[in-house]
Amino acid sequence: MRALPVGEDALLVEVSSGERAQALHARLLRLRAEGSLAVREIVPAARTVLLDGLDDPVRWASELTTSDVLPSPPRARELIELPVRYDGPDLAEVAARWQVTEREVARIHAGTEFTVAFCGFAPGFGYLTGLPSHYDVPRRATPRTAVPAGAVALAGPYTGVYPRSSPGGWQLIGTTEAVLWDHTRVPAALLSPGTHVRFVPVEGA
Amino acid sequence: MTDRALVVVRAGALTTVQDLGRPGYAHLGVPRSGALDPHAAALVNRLAGNAPDAAVLETTVNGCALRPRSAVTVAVGGAPCPVAVGGRPAAWGAPVVVPAGELLEVGTAVAGVRAYVAVSGGIAVAPVLGSRATDLLSGLGPAPLADGTVLPLGAPAGSPARVDSAPQPRPPAELVLRVALGPRDNWFTARAVRDLTTRAYQVSSASNRIGLRTEGPALERARPGELPSEGMVLGAVQVPPDGRPVVFLADHPTTGGYPVIAVVRTADLSAAAQAVPGTPVRFVTVRRR
């Protein structure tokens, strides 16, 4: 684990894997909840957690890297179930890459318990991990100019759901009616880092 | 009974509602947003008798024109520009009373880019996640102003400042951005790090609220490949594949996959908000505090 200084009052804590980043994120949230960590933003990502707006970055840089024991993240809290129709335009391509049938893609995907590793790209967009690495798929060579809201998509090791229509290069395998982001709702984001997610197949019209 | 509202007669090139932004939601992918020149926004609020978190208007280059439905006190600051009330010249950088139904004109900036208009009571559109700021990256907050938009105003909280004019920094003829190297300066060659801090860059016309784009020598990467996405801070100097540094401003994405070679001091970003395209930029390394 390394803590890299970022500007005046931020630290980027780098760990060796996505799982460790999630565990570190959970630990930092606990420290903040206990009142021992004063920080404006805690932003987990693929291999890092960013602490922005820290009152004492130098102290935390040494504190975080000298405590080597990383407790595992808290067990199954919240499980969100997202109804999905496996009807995406890239389903056939993903099936070909996985060397299975389209039906089997749906079975594998819906049989996986995902965890929101981190968010970004757009409010409410979560990077979900859980698929074994041999199911990684590349981004499309040419991104679409408009991916519809609710599109369930794959890229690299991640699954994601587009909260609103936007350009995007992920492989689209399905559609959900779930509202990922609603700023009038509390909380506004359906998915936040650490949330567990299952996709539940529904029959398409 | 008074109708506390503002009619937008001329929206200008890009006029948005801004306040202190919505920090604390980066982990949900929500940019901080807020006034690009927070010093100017704070000053006009003070002049108009508003609280520091009152929402103001941020114009871009060519100002805007507004007609209040009730008498208000306004203050215009940031980029120096002509101000007129009912067709007559009025003060810039000082409280000005606009009678009900009179036209307030904020003209084209004579220097700098962004003027700020505070109106007594503040712009009272509905807040989103605690802020009224327009976020152009993710579309949160009110849409940019359009001709005919009617903006609600809050109740005046305090008295306008008693000053004839308040000192404000001049928009920069040369933009000096103090940076601390890292966190990914090791993704670049030693030469690239030297180029960043010794060679001349210019503000690109492609700059916007998301980032100050620059033109100048391309920074050479020491290692190929992609960086796994990581959290991004305000002022991060991100280097996309074309090698031209981009300084992240208020509407920047909360995570990103291009390496950050250095981070600009927050105090220098107000000047960055006022640097017109073509302004020379110098990145200067400073010791971390």
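Respectively, the protein sequence lines represent chains A and B.
Residue numbering for the first sequence follows the numbering used here, starting at 1 and increasing by one per position.
Residue numbering for the second sequence follows the numbering used here, starting at 1001 and increasing by one per position.
All C-beta atoms, glycine included, are put in the ideal place defined by N, C-alpha and C.
Do residue 1224 (chain B) and residue 1237 (chain B) have their CB atoms nearer than 7 Å?
It is not a contact, given that the beta carbons lie outside the stated cut-off.
From residue 1065 (chain B) to residue 1046 (chain B), what distance separates their C-alpha atoms?
Computed Cα separation, rounded: 21 Å.
Starting from residue 25 (chain A), trace the alpha helix (DSSP H) both ways and give me its first and last residue.
Run containing residue 25 (chain A): 18–34, per the alpha helix (DSSP H) assignment.
Between the alpha carbons of residue 1029 (chain B) and residue 123 (chain A), how many angstroms are there, rounded?
In a straight line, the C-alpha of residue 1029 (chain B) is about 4 Å away from that of residue 123 (chain A).
Identify whether residue 1105 (chain B) lies in helix, strand or coil by the three-state DSSP scheme.
In the structure shown, residue 1105 (chain B) sits in a strand (DSSP, three-state: E or B).
Using a C-beta to C-beta distance shorter than 8 Å, which residues of chain B count as neighbours of residue 183 (chain A)?
Those within 8 Å of residue 183 (chain A) in chain B are 1128, 1129 and 1140.
Please decide whether residue 1281 (chain B) counts as near chain A, where near means a Cβ-Cβ distance under 7 Å.
Not one chain A Cβ lies under 7 Å of residue 1281 (chain B).
Pick out the complete beta strand (DSSP E) segments inside the stretch 1119–1180 of chain B, 3 residues or longer, and give them in chain order.
Counting only runs of 3 or more, we get 1150–1152.
When the cut-off is 7 Å and only beta carbons count, does residue 169 (chain A) lie next to chain B?
So no, residue 169 (chain A) is outside the interface.
Got a sec? Which residues, its chain only, sit under 6 Å from residue 37 (chain A) by beta carbon, not counting five neighbours each side?
Closer than 6 Å at Cβ, skipping near neighbours: 31.
When the Cβ atoms of the stretch 156–173 of chain A are set against those of the stretch 78–98 of chain A, are three or more pairs found closer than 8 Å?
Contact holds: three or more Cβ-Cβ distances are below 8 Å.
Let's test the definition: count the other Cβ atoms within 10 Å of the Cβ of residue 1159 (chain B) and tell me whether it reaches 16, buried, or not, exposed.
Residue 1159 (chain B) comes out exposed.
DSSP on residue 135 (chain A), reduced to helix/strand/coil?
Reduced to three states, the DSSP call for residue 135 (chain A) is helix.
Once you ignore the five residues that flank residue 202 (chain A) on each side, which residues in its own chain have a CB closer than 8 Å to its CB?
If we look at residue 202 (chain A) and ignore the five residues flanking it on each side, its Cβ neighbours are 83, 84 and 85.
Per the contact definition of three or more C-beta pairs closer than 8 Å, is the stretch 1012–1021 of chain B in contact with the stretch 177–197 of chain A?
No, the stretch 177–197 of chain A does not touch the stretch 1012–1021 of chain B.
State buried or exposed for residue 1205 (chain B), treating a residue as buried only when at least 16 other CB atoms are found within 10 Å of its CB.
With fewer than 16 other Cβ atoms within 10 Å, it is exposed.
Roughly how many angstroms lie between the CA atoms of residue 113 (chain A) and residue 136 (chain A), to the nearest whole one?
Each residue's alpha carbon lies about 16 Å from the other.
Output, in sequence order along the chain, the residues in the stretch 1225–1249 of chain B whose CB is closer than 7 Å to any CB in chain A.
Here the close residues are 1228, 1229, 1230, 1231, 1233 and 1235.
How many whole angstroms separate the CB atoms of residue 1098 (chain B) and residue 1071 (chain B), which I take to be in contact at a CB cut-off of 8 Å?
At roughly 7 Å, the Cβ-Cβ gap stays under 8 Å, so residue 1098 (chain B) and residue 1071 (chain B) are in contact.
Could you give the distance in angstroms between the alpha-carbon of residue 1015 (chain B) and the alpha-carbon of residue 1275 (chain B)?
Each residue's alpha carbon lies about 17 Å from the other.
Are residue 1180 (chain B) and residue 150 (chain A) closer than 7 Å when you measure CB to CB?
In this structure, residue 150 (chain A) does not lie closer than 7 Å to residue 1180 (chain B) by Cβ.
Between the stretch 1027–1041 of chain B and chain A, which residues of the former have a C-beta closer than 8 Å to a C-beta of the latter?
Those would be 1027, 1028, 1029 and 1030, in chain order.
DSSP on residue 1286 (chain B), reduced to helix/strand/coil?
Three-state DSSP puts residue 1286 (chain B) in coil, outside helix and strand.
Check residue 39 (chain A) in the structure and name its three-state DSSP category.
Here residue 39 (chain A) sits in coil by DSSP.
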